[in-house]
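Structure first, commentary second.
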Amino acid sequence: MRPALGAFALVDGEFVVIERIDDDPTTIDQVAWLEGQLQASGRSAIEFHVADGDPIREVLQQRGYQPSGTELELLADTSREPEHAPLPDGFRLGSLRDVSDDAYIDGHRAAWSDRRPSPYRRELHDAVKRMPGFRPDLVTIAIAPDGTVAACCIGWMDQRSATLEIEPLGTHRDYRRLGLAHAVVKEVQHRAWANGARHVLVWNDRTTNPAAYGLYTGADMPPGRTLVALRRELPATPSS
Ligand SMILES: CC(C)(COP(=O)(O)OP(=O)(O)OC[C@H]1O[C@@H](n2cnc3c(N)ncnc32)[C@H](O)[C@@H]1OP(=O)(O)O)[C@@H](O)C(=O)NCCC(=O)NCCS
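Going by the working numbering, the residue at position 31 of the sequence shown is 41; the numbering climbs one at a time, nothing skipped.
This is the structure:
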């Protein structure tokens, strides 16, 4: 008999997402095991996000976890056909099928270099395209009259929860405040609806990115759950 999957964890640096199929192991068994694994691999901290009001928060805080921030789930209802939003003259909407990979990489870099130069490059772009669930038609792009990728967004569809997640979305620094991101968000919602999704989801920290909060809430994506980040420093493993 093949062993059944009871629980799993996704580890991204110090940030960990855990899921369980049933109660064996318990959440705390899983947390304790993961703390040991991360510590043994040399990480100095571990962080979980839990929904505000979930009793697991209390359990983690008793174990030494401290709140270290919050994040909102902003959700669009796409059970009915969303409206389109207008674009400035000469711009058009497309997908990764309508632009070259190099044009997309340039557009992404120009959108994500406000604080430091974006490390996005061909190798990372190719890795993104190889990710399970990646769909070129769900990469929504606002294309400038000269072909520049002026705003872009990747949509990740989860058929099981009928939810499309936005990650990432950005507007080229030379094309800001023209309504392009708004039009892209509405187009993403439309593509989600056309593909059977009932929700579009994006995570946002209102304190660190108020522009994105204004963008999404102004495009019919009000806040749903609040997620609380709970972090614990891990003692250093003694060197042998
Ligand atoms: C946030 C971002 C995507 C907005 O792109 P944009 O094309 O300039 O946005 P739009 O012109 O469509 O603006 C839509 C709404 O977003 C909000 N907004 C956009 N830029 C803003 C800013 N600099 N300050 C405050 N609010 C802002 C406003 O509510 C705006 O509506 P309004 O013009 O009626 O006030 C862009 O600034 C960007 O790419 N930033 C870096 C990457 C990023 O943070 N992405 C979002 C996280 S996934």
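All residues carry an ideal CB built from backbone N, CA and C; glycine is no exception.
Exercise for the section: Just tell me which of TRP213, SER110 and SER51 has its CA closest to the CA of LEU82. Expected result: Mapped onto the sequence shown, residue 82 falls at position 72. Ranking the options by Cα distance to LEU82, first place goes to TRP213.
Exercise for the section: State the DSSP-derived secondary structure class of THR150, mapped to helix, strand or coil. Expected result: Here residue 150 refers to the residue found at position 140 of the sequence shown. Reduced to three states, the DSSP call for THR150 is strand.
Problem - Nearest residue (CA-CA) to CYS163, options VAL149, GLY234, PHE101 and SER110 - result: Position 153 of the sequence shown holds residue 163. For the residues VAL149, GLY234, PHE101 and SER110, the minimum Cα distance to CYS163 belongs to VAL149.
Handout entry: Among SER89, ASP136 and VAL60, nearest to GLY79 - alpha-carbon criterion
Key = In the sequence shown, residue 79 corresponds to position 69, counting from 1. The candidate whose alpha carbon is nearest that of GLY79 is VAL60.
Exercise for the section: Determine the DSSP secondary structure at GLU45, reduced to helix, strand or coil. Expected result: The count along the sequence shown starts at 1 and reaches residue 45 at position 35. Three-state result, GLU45: helix.
Practice task
For ASN219, verify whether its CB is less than 6 Å away from any heavy atom of ligand 1.
Solution key: By one-based count along the sequence shown, residue 219 stands at place 209. Yes; taking the cut-off as 6 Å, the Cβ of ASN219 has a heavy atom of ligand 1 nearer than that.
Practice task
Specify whether the region 102–121 and the region 66–75 touch according to this definition: at least 3 beta carbon pairs, one from each stretch, less than 8 Å apart.
Solution key: no
Handout entry: Element boundaries [alpha helix (DSSP H), containing ILE66]
Key = Looking up residue 66 in the sequence shown gives position 56. Unbroken alpha helix (DSSP H) run through ILE66: 66–72.
Problem - Cβ-heavy atom distance, HIS192 to ligand 1, below 6 Å - result: Your numbering for residue 192 matches position 182 in the sequence shown. Yes; taking the cut-off as 6 Å, the Cβ of HIS192 has a heavy atom of ligand 1 nearer than that.
Handout entry: Simplified DSSP assignment, three categories, for VAL21
Key = Reading the sequence shown from its first residue, position 11 is the one you call residue 21. If DSSP states are grouped into helix, strand and coil, VAL21 belongs with the strands.
Exercise for the section: Put TRP5 into one of helix, strand or coil per three-state DSSP. Expected result: The chain is shown only over 11 to 250; residue 5 falls outside these bounds and no answer can be derived.
Problem - C-beta atoms of TYR185 and ALA221 nearer than 7 Å - result: Translated into the one-based positions of the sequence shown, residue 185 becomes position 175. Translated into the one-based positions of the sequence shown, residue 221 becomes position 211. Against a cut-off of 7 Å, the Cβ pair of ALA221 and TYR185 comes out as no contact.
Problem - Same chain only: Cβ atoms within 6 Å of ALA86, ignoring 5 sequence neighbours per side - result: In the sequence shown, counting from the first residue as 1, residue 86 sits at position 76. Cβ within range, chain order: GLN199, VAL210, ASP230 and MET231.
Handout entry: Buried/exposed call for ALA204, threshold 16 Cβ in 10 Å
Key = Numbered from 1 along the sequence shown, position 194 holds the residue referred to as residue 204. Result: exposed.
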